[in-house]
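Input: a single structure, listed below in structure tokens.
In the numbering used here, the protein residues as written are 1 to 280.
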């Protein structure tokens with residue numbers, strides 16, 4: 001096993017193998033990996049070497065060039081994606097949603113079809129969609145509305161963790177003190193909490209690669225696509241934003257990450273606040 005033979009293994013990531021990994025990431029998921037990320041990518045590949053009991057990065061890359069590559073690709077994408085997240089991260093978005101977006105959405109839905117649909121497009125380990133659910137519950141939507149949140153991610157491993165809704169108490173305690181109670185967390189062990197059932201029932205988790213066709217048609221009232229655009233090149237970003245236009249209701253909301261923007265400005269969106277856009 002590799003775990004007992006790490007001193008004998010060759011864990012060098014050659015330029016040729018790095019180019020293979022980068023090309024797969026771009027082709028399969030739209031992720032752009034620059035040369036300065038070589039050391040980080042090598043470290044992440046070691047997880048797959050250990051799982052497959054391989055003794056070198058080159059051996060792993062030969063697997064990716066071989067007939068069994070398709071079976072390994074989902075696992076490769078899992079280790080290449082970044083999953084930094086937290087409850088109530090970039091709080092201003094949730095403040096905006098509660099004070100501005102949700103009241104408008106509820107009023108429209110009450111007059112219309114009675115449906116409220118929100119999409120969290122990069123849900124990672126679940127902190128973001130559960131924060132969305134907490135924001136919805138705290139806003140006290142009218143009881144006659146059908147409210148659902150779709151949470152998607154390309155990484156099947158983090159989706160499984162998100163669906164379990166269990167987090168270390170340390171992660172939970174990092175939440176803002178004045179908002180932490182909205183998660184309705186229940187202790188399931190000395191060091192573990194589970195997000196409350198009222199929040200869990202609002203969520204549906206699905207695996208989704210943003211650069212492939214989207215199975216859902218919408219319309220959505222709001223889309224959170226935060227801290228994922230930074231991994232794509234300009235044409236991929238434009239394609240995703242164009243498709244967000246197609247699935248958002250007129251007047252619907254698009255939330256991007258703190259370091260992201262619609263640049264150049266998109267004709268279908270109006271900038272309302274800090275990385276908060278509204279479909280015209």
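Here a beta-carbon is modelled for each residue, glycine too, at the ideal position from N, C-alpha and C.
With 16 or more other Cβ atoms from the protein chains shown falling within 10 Å of its own Cβ, residue 122 counts as buried. In the DSSP annotation of this structure, residue 90 is not part of any beta strand (DSSP E), being labelled neither H nor E. A distance below 7 Å between beta-carbons, with the five flanking residues on each side excluded, links residue 72 to the following residues of its chain, in chain order: 63 and 64. In the structure shown, residue 121 adopts coil according to DSSP, grouped into three states. Here residue 86 carries a coil assignment [DSSP, helix/strand/coil].
Taking a cut-off of 8 Å for Cβ pairs, the segment 216 to 223 and the segment 243 to 259 touch, as three or more such pairs fall below it.
Of the candidates 172, 193, 240 and 233, the residue whose Cα lies closest to the Cα of residue 214 is 240.
Residue 253 has 222 and 278 as its beta-bridge partners, per DSSP. Listed as beta-bridge partners of residue 151 by DSSP are 120 and 205. By the Cβ neighbour-count rule, residue 59 is exposed, with fewer than 16 other Cβ atoms within 10 Å of its own.
Counting along the chain, the unbroken alpha helix (DSSP H) around residue 170 starts and ends at 169 to 173. Residue 106 holds the alpha-carbon nearest to the alpha-carbon of residue 143 among 95, 152, 172 and 106. Distance from the CA of residue 180 to the CA of residue 243, rounded to the nearest whole angstrom, comes to 34 Å. The beta carbon of residue 168 is closer than 7 Å to those of 191 and 192 in its chain, skipping five residues each way along the sequence. Residue state for residue 232 is assigned as strand, using DSSP reduced to three classes. For residue 186, the secondary structure class from DSSP, reduced to helix, strand or coil, is strand.
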